[in-house]
Each structure stands twice: as structure tokens, then as C-alpha cells.
């Protein structure tokens with residue numbers, strides 16, 4: 347199990363030998379904490395702006411996903427301008443009875459706004475967004491010029 | 007009511023020591039609100055990405071377990087550009103101090119939020135006993 351994990355390194359470019367060392371150190375930290383089942387090579391980017399997003403691409407589209415549980419589609423605002431996508435909204439909770447006694451309060455309500463630049467040119471007219479089980483998926487088609495071209499050798 | 011505050015990024019908390027897993031994958035602790043009234047205990051849990059069918063709620067001997075399995079929602083032929091959150095299952099357990107009327111538990115899942123209403127077992131209505139003086 348461990349060895350497979352160890353060699354199953356996601357494709358990453360090692361920028362400097364210290365990256366490699368850091369990675370090794372984190373791997374060892376992970377071992378001593380005993381949670382060897384999760385991948386020790388997670389490298390999450392942190393922007394510090396809500397919501398956290400994952401961006402992926404395939405040949406034709408960019409996909410932007412965010413975890414937004416409890417947010418209705420009507421409380422979300424998505425705007426695309428050029429290569430910049432702006433996502434804002436508000437998370438509201440339904441009012442609970444006043445005389446309830448709280449034991450845990452970990453969920454938070456509030457507003458958010460985030461803008462980010464897409465890596466390539468996009469077709470602004472065909473952006474699609476949908477919410478499913480608290481996951482927002484924005485599909486942004488790439489502009490024809492940004493799509494990879496298959497070149498056949500004659 | 008004051009103006010809505012700005013939401014801050016909250017890192018998903020990995021479960022520290024669950025029962026050992028046989029399947030690989032990360033398990034997170036869902037954020038919850040728990041509150042109670044005279045009659046009910048209500049639990050709200052944020053479990054984005056879980057489908058309603060994949061939620062497991064189990065209550066035995068005062069231990070309430072809430073778990074949710076997340077089916078991968080990213081396409082197989084997509085490659086990552088930016089990764090800020092991870093996808094994993096959810097698991098959390100609570101010990102309840104009140105007796106719960108198991109037959110009347112209600113669970114509702116909407117927009118990635120589980121709402122669980124646990125009715126307390128009805129106790130005998132308090133009776134006033136009048137003391138007669140002879």
C-alpha cells in the first residue's frame with residue numbers, strides 16, 4: 347500500500363531540489379501521524395479567498411468547481427468578461443426558532459466575491475453553470491483559437 | 007440584523023482517527039450545526055458533492071453516525087489546472103444524551119446540506135400531585 351502510494355506521485359515538475367526535500371519531509375510527517383491512507387503528496391494552492399475552487403480543462407472546455415453547500419442558484423452571480431470570471435453571492439440560512447439551544451455552530455453564513463483569470467481565451471457566450479448537491483460547476487468553452495490543434499502529417 | 011459578514015476560506019478538516027479504512031480515499035469531517043428544543047434535536051451538516059442516496063445515517067445506542075460517500079464528479083479526461091479543495095467522503099459521530107424516538111427521525115437533503123430532525127422520546131407529561139391533608 348505504502349510503496350504504491352510512494353511511487354504513485356502525481357505528475358509534478360520539481361522546481362528545485364528543495365521541493366523534493368520538502369515533499370519528502372511532508373511524507374515522513376504523514377507517516378508519523380499514522381494517516382498513511384491519504385495521499386501524502388497533496389499540494390493544495392491557497393488563495394485565501396472564499397470559495398475554494400478547482401479548475402480543470404479538457405480539450406474543449408475549462409471547468410471551474412466550487413463547494414457551495416446550502417446556496418441557492420438565485421443567490422449566485424457569475425460574470426465573465428474577457429478572460430476574467432467573477433463569482434459572487436451570499437450564503438443565507440433559514441431562520442431557526444428563537445428559543446433553540448445551540449450545541450455546535452460550525453457552519454457560517456455570509457457574502458463572498460471572487461474573481462479569477464482563466465488560463466486562455468474563452469467563448470463568453472456559451473458559459474454554462476449549474477448547481478448539483480452543493481457543488482457549483484461552471485463550464486467555460488475555450489475559444490477556437492485556444493483549442494489544441496491536431497496536426498496531421500501528410 | 008447586522009450586515010452579512012464576508013465568508014472566509016475554511017480548510018476542510020480531515021478525520022483524525024476513524025476506524026481504519028479498507029478503501030483508499032480521504033475522509034472529512036462535515037461542518038455541523040446542532041441545536042435543540044424541548045422536543046427535537048436538529049443537526050445540519052454541510053456535505054457538498056454527496057448525492058441524497060449516498061448518505062448513511064445510523065443511530066444505535068445513543069451513537070449517531072452521519073456518513074456520506076462522494077462519487078467523483080470530475081470527468082476522467084480532465085486535467086487539473088488549479089486545485090484548492092479536495093474531494094472525499096464525510097464521516098462524523100455524535101453521542102446523544104437524550105432518548106430519540108427512532109421511528110420519527112426525519113432526514114432532508116437539499117443543496118448539499120443535510121438536515122436531520124431527531125425527535126426526543128416523549129416523556130410522561132409532568133404530573134402535579136396534590137397533597138391532601140387529612
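Residue numbers (our numbering), protein chains in the order written: chain A, 347 to 500; chain B, 7 to 140.
A virtual CB, placed ideally from N, CA and C, is assigned to each residue, including glycine.
Because the structure is a prediction, the values reported are computed rather than measured.
- A Cβ of chain A is located within less than 8 Å of the beta carbon of residue 40(B).
- By the CB criterion at 8 Å, residue 419(A) and residue 398(A) fall outside the cutoff.
- One thing to note: residue 421(A) has its Cβ no nearer than 8 Å to the Cβ of residue 54(B).
- Contact note: residue 87(B) reaches chain A through 401, 402, 403, 408, 465, using a C-beta cutoff of 8 Å and chain order.
- Distance from the CA atom of residue 111(B) to the CA atom of residue 49(B), rounded to whole angstroms, is 11 Å.
- With a 10 Å radius around the Cβ and a threshold of 16 neighbouring Cβ atoms, residue 407(A) comes out buried.
- Closer than 8 Å to the CB of residue 468(A) there is not a single CB belonging to chain B.
- By the Cβ test, the region 427-444 of chain A is in contact with the region 462-475 of chain A, since at least three Cβ pairs between them sit closer than 8 Å.
- Taking the beta carbon of residue 10(B) as reference, the chain A residues within 9 Å of it are 436, 437, 438, 455, 456, 457, listed in sequence order.
- Flagged as an interface residue toward chain A: residue 117(B), by a C-beta distance shorter than 8 Å.
- Non-local C-beta neighbours of residue 487(A) in its own chain, meaning closer than 7 Å and more than five positions away in sequence, comprise 406, 407, 468, 469, 472, ordered along the chain.
- Contact between residue 100(B) and residue 61(B) does not hold, since the beta-carbon distance rounds to 15 Å and is not under 8 Å.
- Neighbours of residue 57(B) across chain A, judged by C-beta separation under 9 Å: 478, 479.
- Assigned with DSSP and collapsed to three states, residue 447(A) falls in strand.
- Fewer than three Cβ pairs drawn from the region 100-109 of chain B and the region 81-88 of chain B lie within less than 8 Å of each other, which leaves the two stretches out of contact.
- Counting every other CB atom within 10 Å of its CB across the protein chains shown gives residue 374(A) a total below 16, marking it as exposed.
- With fewer than 16 other Cβ atoms inside 10 Å of its own Cβ, residue 368(A) counts as exposed.
- Boundaries for residue 54(B): no beta strand (DSSP E) harbours it, and the DSSP string shows neither H nor E there.
- For chain A, the residues of the region 74-100 of chain B that bring a beta carbon within less than 7 Å of one of its beta carbons are 79, 80, 81, 83, 84, 85, 86, 87, 88, 89, 90, 91, 92, in chain order.
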